[in-house]
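Encoded as structure tokens, the structure appears first; notes follow it.
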Amino acid sequence: MTANSESATPATFDESAIAKQPTQLATRQTMWILSALVLFWAVEILILQQLTTFPEAAIPTGRVVKDAARRLLLNVAACTVIVCLLRGWALRASFVIGLIATNLLFVYASYFGSPLSWPVLSSQWREGLAVSDHGMSLINWNVFAIGLLALAIKIGLANAVRRGPLPRRTNLKWASIAATTYVALAVSLAVVHKPIRRIHMGTPEYIYGYVVAWTAEAISFDNETLLKEALAKAEAKSEILTNIEQPLNLADKVAIIQVESLDFDAIESTVNGEPVMPFLQDLQHQSMRYSVKPFHNTGSSEADFSMLTTATPNGRVNPFQIYGFPYDQALPWLAKQQGYAPFAFHGNTGEFFHRRKAYDQMGFEKLYFTEELKPLEVAGEWDEELLDFSAELLAKASEPTLHFVITITSHGPFNKLKKSERELYPKPSSPHEHYLNSMRYVDHALESYIDQLPEDTTVVIYGDHQSNIHGYGESETHRDHVPWLIYQKGNDLSKQQNSLASGLALSGNLSQLDMVCYLRDRLAETPLSDDRIAAMKSNPRTSLK
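Numbering (our numbering), first residue to last: 483 to 1027.
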């Protein structure tokens, strides 16, 4: 009976253990999926860093793979923190923000040839928003498509995660571990292993990724530091052309035209056998002409900064935003000392790139920005109107005068022209067609301008930076270079250009600094005319040398 009873007793099972098995399985699946998501995202960021931060420019170590591995560890830690802390739509929103940031960083790096730095991001975001239409035109759609695919994969992995298998305490624990790992690794690398302070800001220090570099820049580079480095760079001068070229008398009327996005190759380009810029193509053969590497690390302001100060821009941030930089030796002050009345013209606001505050300190007699042009019914955003206004004032001037003009119509995305002004391509369908239409418009505007100027007026025409539009010309010998033309109405200056015969002028080895130093030297050495002597005597702010 007992034996039968014992044999009839049902076996007992650990029901709690059975209940835990599905939960444990779900937890393991969740961990694997989240790990895959973190690793995929970290590798995606690593590729972005590799393509936009130019790590090969870092301190030479010969350990590129090791540096990439360190970045990957930082990325894994950062992605783990985000994945553990954010859920649902918040996590998916971070994926979308990442896609936007990826395209922004790619556009900036491809356009400027350097990674987006914290000083630029924090101080020039307004200017960036103002030209966002140009930024949109620069998007690499292959990169965008790959980014969309990566976004879909990340969202798919996030959707595959079951709700609830990981308690919030576990998420917080892993987030804390990952955050601690990130900070410890970042400090050990950027402070001890390969100190970020030893690496030039703006490119190589990004071997540790954007967050570490931006943090270091935010901590280390205040205005005092930037000013110190800007002053050090400003000490560099050039006498390359001054020692080669013959003396040049600039005469009593001088116009310096900074043309937006004017490529060297644009002048020689043709469409169906027709020159894109027929006027400049002819003008260059009566001018001193040069192929020049421009300054373009943070924006167009570097071009006029170098022209007006005869200095190399700091290359870190808009040079006009470095407070305390001395402008007492700027070109307008020199022009005054030489008996000229200097004026500045630009069809944008004076606040853009903080130009007004800097120009006010340079010695210009008067500034004509949008704020001054609108009451005069001059639409400065159209080069033809701005140049006509300058020509009218220059022709009427009774005293020696120097005009500095910055054009704007040909700014990217090069789609501002009216239908009637689209000569080469009535229905442009590509960036280079829009660009060449804009260059034809600029050519007409410059032709009209020079036609209105008095005889013997010296005109300097140069591009502020390259257009970043490629493939429109038969040759790209001077890719990423801009033209410099020095023309004097009624005179053929090409006959006295020694650097053209020697090959230096078109070699591509000349920099913007070489050119601005040469122009300043020519201005300082231009013989004083009777009119300029009279102007200097009547102006108490100038003095005879």
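Using N, Cα and C, we set each Cβ at its ideal position, and we do this for glycine too.
Applying the 10 Å Cβ sphere with the 16-neighbour rule, what's the burial state of residue i?
{"i": "H682", "result": "Because H682 sits at a pLDDT of 49, beneath the cut-off of 50, its placement in the model cannot be relied upon, and the following sentence gives the value as read from the coordinates. Exposed is the call here."}
{"i": "S720", "result": "buried"}
{"i": "Y805", "result": "exposed"}
{"i": "S911", "result": "exposed"}
{"i": "E706", "result": "exposed"}
{"i": "D615", "result": "exposed"}
{"i": "T1008", "result": "buried"}
{"i": "M618", "result": "exposed"}
{"i": "H828", "result": "buried"}
{"i": "T662", "result": "exposed"}
{"i": "A632", "result": "buried"}
{"i": "V774", "result": "buried"}
{"i": "Q503", "result": "Bear in mind that a pLDDT of 49 at Q503, under 50, signals an unreliable position, so the number given afterwards is only what the model happens to contain. When all chains shown are included, Q503 counts as exposed."}
{"i": "H1070", "result": "Absent from the structure is residue 1070, since the part of the chain shown begins at 483 and ends at 1027."}
{"i": "Q994", "result": "buried"}
Figure out for me which residue from the options has the closest Cα to the Cα of residue i.
{"i": "M921", "options": "V758, E699, S880, A695", "result": "V758"}
{"i": "A524", "options": "R553, L730, L533, W514", "result": "R553"}
{"i": "V753", "options": "Q606, N919, L884, D842", "result": "N919"}
{"i": "H836", "options": "D786, A861, N585", "result": "D786"}
{"i": "D764", "options": "E750, S773, T1008", "result": "E750"}
{"i": "H885", "options": "L630, V736, L530, A583", "result": "V736"}
{"i": "V454", "options": "A823, L586, Y690", "result": "Residue coverage of the chain in this structure runs from 483 to 1027, which leaves residue 454 outside it and unanswerable."}
{"i": "R1004", "options": "A733, Q994, R838, S984", "result": "A733"}
{"i": "I868", "options": "Q766, L899, N830", "result": "Per the sequence presented here, residue 868 reads as Leu, with Ile not at that position. For the residues Q766, L899, N830, the minimum Cα distance to L868 belongs to N830."}
{"i": "N624", "options": "H767, L611, F588", "result": "F588"}
{"i": "K900", "options": "I888, H916, T889, V887", "result": "H916"}
So what's residue i in DSSP terms, helix, strand or just coil?
{"i": "F626", "result": "helix"}
{"i": "E1007", "result": "helix"}
{"i": "I738", "result": "strand"}
{"i": "I515", "result": "helix"}
{"i": "I582", "result": "helix"}
{"i": "R970", "result": "Just to set this straight, residue 970 is Gln in the shown sequence, not Arg. Strand, per DSSP."}
{"i": "L533", "result": "helix"}
{"i": "T752", "result": "strand"}
{"i": "Y688", "result": "helix"}
{"i": "K775", "result": "strand"}
{"i": "M683", "result": "Any reading at M683 must be qualified, since the residue scores a pLDDT of 45, below 50, and its modelled position is unreliable; the value itself is stated next. The answer is coil: DSSP assigns M683 none of H, G, I, E or B."}
{"i": "V964", "result": "strand"}
{"i": "S769", "result": "coil"}
{"i": "L992", "result": "strand"}
{"i": "P795", "result": "coil"}
{"i": "A485", "result": "The pLDDT assigned to A485 is 46, lower than 50, so where the model puts this residue is not dependable; a value taken from the coordinates is nonetheless given after this. A485 falls in the helix class under three-state DSSP."}
{"i": "P757", "result": "strand"}
Is residue i close to the ligand NAP? I mean its beta-carbon at under 7 Å from any heavy atom of the ligand.
{"i": "A793", "result": "For the structure depicted, the ligand NAP is absent and the ligand set is empty, with no information on it obtainable."}
Counting along the chain, where does the alpha helix (DSSP H) carrying residue i start and finish?
{"i": "T1055", "result": "The chain is shown from 483 up to 1027; residue 1055 falls before or after that span and cannot be answered."}
{"i": "K710", "result": "705-716"}
{"i": "K977", "result": "Segment: none, K977 is in no alpha helix (DSSP H) and carries neither H nor E."}
Where do the N-terminal and C-terminal ends of the beta strand (DSSP E) with residue i fall, by residue?
{"i": "P824", "result": "823-828"}
{"i": "F886", "result": "883-888"}
{"i": "G945", "result": "940-945"}
{"i": "L849", "result": "848-850"}
Measure from the C-beta of residue i to each C-beta in chain B and report whether the shortest distance is under 8 Å.
{"i": "F871", "result": "Among the chains in the structure shown there is no chain B, since it carries only a single protein chain."}
Query - Three CB pairs or more closer than 8 Å across the stretch 958-976 and the stretch 936-946 - result: Enough Cβ pairs lie closer than 8 Å, so yes.
Query raised in the report: On the three-pair Cβ rule with 8 Å, is the stretch 856-870 touching the stretch 796-803?
Result: Too few Cβ pairs lie closer than 8 Å, so no.
Query raised in the report: Would you call the stretch 723-739 and the stretch 556-567 touching, i.e. three or more CB-CB distances under 8 Å?
Result: With the cut-off at 8 Å, the stretch 723-739 and the stretch 556-567 do not touch.
Query raised in the report: Are the stretch 840-857 and the stretch 897-911 touching, with three or more C-beta to C-beta distances below 8 Å?
Result: Contact fails: fewer than three Cβ-Cβ distances are below 8 Å.
Report task. Determine contact between the stretch 814-825 and the stretch 776-785, defined as no fewer than three beta-carbon pairs at a distance below 8 Å. Result -> In short, these stretches do not touch, since the Cβ pair count stays below three.
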